[in-house]
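Heads up, the thing below is written out as C-alpha cells.
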Amino acid sequence: MFAYLSREVGDAVSPATLRRFCDGSAAMLAWLEERGVPFDASLCPYKTSYPTDRHYLYYSGNEASYADTAPPAPRGHRAHGRGTSGRLLHNRLAAAAHDRGVRVHTQTSARRLLTDGGGRVVGIECATLKQAPAWARFAHRALHRWSVKPGLYLPALGRALHRPVAWLERRYARPLRVAARRGVVLAAGGFVMNRRMLAEHAPAYRGGLRLGTPGDDGTGIRLGTDLGAGTGHLDRVSIWRFLTPPAALLQGLLVDRAGERVCDESRYGAAIGEAVVRREGQRAWLLVDAEVLAEARAQVPEQTLWFQRVQARWLLTFDRVSAPTLAAVAARAGVDPAGLAATVKAYHAAAEAGERDPAGKPADLVRPLARPPFSLIDCSVRPRPAQPAPMLTLGGLLVDEDTGGVRRAGGAILPGLYAAGRTAVGICSNSYVSGLSLADCVFSGRRAGRHAALSTEEAEC
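Numbering (this note's numbering), first residue to last: 1 to 461.
As C-alpha cells, this is what we get:
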C-alpha cells in the first residue's frame, strides 16, 4: 500500500506521514465500523468509476498502471448501502457524534476566529439562524437542500436557487460566539464553489463541474489566512474524465486534436482528466471500432448505477461520430487524420510484436481496432450536463503533520488552531483517487481532534 500510494501522493506529505496513514488504515476502517458505518468485501471484477450495489470493494485508482511499483490490489472501500452511499456514511457518523453528546449548531456559519492577547485562538464567531422565525428556518433548510443537487449539473440554476438562502442569512442571522478552551478545528471543505479563488489559483480548470455544496467556498481557508496561516497546493484540482463504466471502453485509444495518444486509457479518471486539461483546447476523443462499441453497449445495464447509465448511453449515442474509415471519422471529429493513422499504426505494431503498449496500457486491454465503422467518442473537458467532468480542490492550509496544527507560512504554529480534510494540505493534495479524500478526512480529523483533546494548554475564555 505504501509503495503504491507513494506514486499517487508524491510530495504532498512526508513519507513518515504516509506510512502512518497506511499502517493505520485497517484500524481506521474498524473505527468507522464501531461507529455504525457498514462495509462489505464483495469485489467488483471490472474497472469502474464507482461500483453498483452488487459490489463494495474495487480497484479505485491507477493500480494497473503502477504494477511495476506494487502488485495491483483493490483498495476502494464503499460504505454498504444503496446507490451512492455517502449519505449513509454521513448519517451514521452524525448519529455517533450525537450519541456521544456532541452539540451541533445547524444553520450556523463561521465568520471569524477569536484570539487572545498572545495570538492564541480561543473561540469562533458565527452567524446563526437559531433565533430566526420558524418559517425562515424552514425555508432556509428547504431551499438550501433544493439548491445543492441541481447546482451540481446546472450551476446557474443552483446559484439562482441559493440566492434566497443567502438573503435569509443576511436578513435573519444573528451573531453567536463559541469559546474553545482546547482549540478550533477548521474542517469546512475546499473552495471549488468560489469562482474568484479558482480563477486566481487554478485558472486552467474552467470546464469542469464543481463538485461540492455552497459551503465549499474557501471560508475555512480564509479563516486561517486571516490570522497569517500559510497555504499549499491551491493550484491542484482533481478533475475527472472517466472512460468507465462500461469497462470495454478501456480497449479504445484516447487521442487529442493531433491524433496523438493522451495517456494510458486504464488510468484513473482524475489522471485522465489532468492529461486532457493539458491538451490543446482540453479536447480528447476515444477511438473505438464496431466490436468495442457493441461490447460496451452490452455492458451498460450490468455495470452502471442509474446516473452512470444515463451518462454512458448519452456518450455512446450523442457524443460520438462514426465513419467507415479512420480518415473519415477523424475528419468528422476535427482530429488530424495523419496523426490518428500514425497512432493506430504504432499501437497495432507494438501489439503484433508483443511489445509494451506505447502509452503503457496493460496487455490484457490491448486489442486490434480493425472492424469498421470506427467511432470517435468526445471525452473533452467542457461544460455539459449529460457528460460532466466533476472537479474538487485539493489544496488548503499548511499544517503540522504530527498534530494537524495550522502553520504560518514561515513554519510557526498558530496556537489553538487546527485544520483537517480539504481545508488543509493532506494525503491527496497532489493527486486524487476514489476514496482518498474521505480517508484523509478521517485520518486528519482524528489527528487534529486527538491532539486538541489531549492538549495541556487551555485558553482562558
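Built from N, CA and C at the ideal position, the CB exists for glycine as well.
- With 16 or more other Cβ atoms from the protein chains shown falling within 10 Å of its own Cβ, Glu265 counts as buried.
- Less than 8 Å divides the Cβ of Ser238 from the Cβ of Leu394.
- A direct Cα-to-Cα measurement between Ala3 and Thr69 gives close to 6 Å.
- Within its own chain, the residues whose Cβ lies closer than 7 Å to the Cβ of Ala136, once the five positions on either side in sequence are excluded, are Leu129, Leu168, Tyr172, listed in chain order.
- Contact between the stretch 217 to 230 and the stretch 419 to 430 is established, with three or more Cβ pairs separated by less than 8 Å.
- Residue state for Gly334 is assigned as coil, using DSSP reduced to three classes.
- Taking all protein chains in view, the Cβ of Phe242 is crowded by 16 or more other Cβ atoms within 10 Å, so the residue is classified as buried.
- Less than 8 Å separates the beta-carbon of Met391 from that of Leu209.
- Residue pairing of His77 in beta bridges, as defined by DSSP: Leu57.
- DSSP, reduced to helix, strand and coil, places Trp240 outside both helices and strands of the structure shown, so it counts as coil.
- The C-beta separation of Ala389 from Arg182 comes to about 41 Å, leaving the pair out of contact by the 8 Å criterion.
- Counting C-beta pairs closer than 8 Å gives fewer than three between the stretch 357 to 373 and the stretch 141 to 155, which falls short of the contact rule.
- Checking the DSSP bridge columns, you'll see Trp285 partnered with Val255, Asp378.
- Residue environment for Arg261: buried (at least 16 other C-beta atoms within 10 angstroms of its C-beta).
- Annotated as distal: Leu397 and Thr213, with beta-carbon spacing of 8 Å or more.
- It is roughly 25 Å from the alpha-carbon of Ala298 to the alpha-carbon of Gly273.
- Under the criterion of beta carbons closer than 8 Å, Gly190 and Ala95 do not qualify as touching, at roughly 26 Å.
- Judged by their CB atoms, Ser14 and Glu401 are nearer to each other than the 8 Å cut-off.
- By the Cβ neighbour-count rule, His98 is exposed, with fewer than 16 other Cβ atoms within 10 Å of its own.
- Our two residues, Ala338 and Val288, have alpha carbons roughly 17 Å apart in a direct line.
- Take the alpha-carbon of Ala30 and the one of Val442: they are about 12 Å apart.
- Judged by DSSP secondary structure, Ser444 falls within the alpha helix (DSSP H) whose first and last residues are 436 to 454.
- If you check the CB distance, Asp378 and Arg320 come in under 8 Å.
- DSSP places Tyr347 in the helix class (H, G or I) of the three-state scheme.
- Of the residues assessed, Gln308 falls on the buried side of the cut-off, its CB having 16 or more other CB atoms within 10 angstroms.
- Pairing Arg111 with Asn430 gives a Cβ-Cβ distance that is not under 8 Å.
- In this chain, the beta strand (DSSP E) harbouring Thr393 covers 390 to 393.
- The bridge partners DSSP lists for Glu125 are Arg112, Arg177.
- For Leu414, the closest C-alpha among the options Ala349, Ala229, Leu250, Asp217 is that of Ala229.
- Under the three-state reduction of DSSP, Val406 is assigned to strand.
- Contact between Ala420 and Val185 holds, since their C-beta atoms are separated by about 6 Å, short of 8 Å.
- His90 counts as exposed, since fewer than 16 other beta carbons sit within 10 angstroms of its beta carbon.
- Looking from the CA of Ser65, the closest CA among His201, Pro362, Gly404, Asp11 belongs to Pro362.
- Ala271 carries a helical assignment under DSSP once its states are collapsed to helix, strand and coil.
- Relative to the Cα of Arg367, the nearest Cα in the group Glu8, His233, Val192, Gly252 belongs to Gly252.
- Annotation: Met28 to Val399 spans about 21 Å, alpha carbon to alpha carbon.
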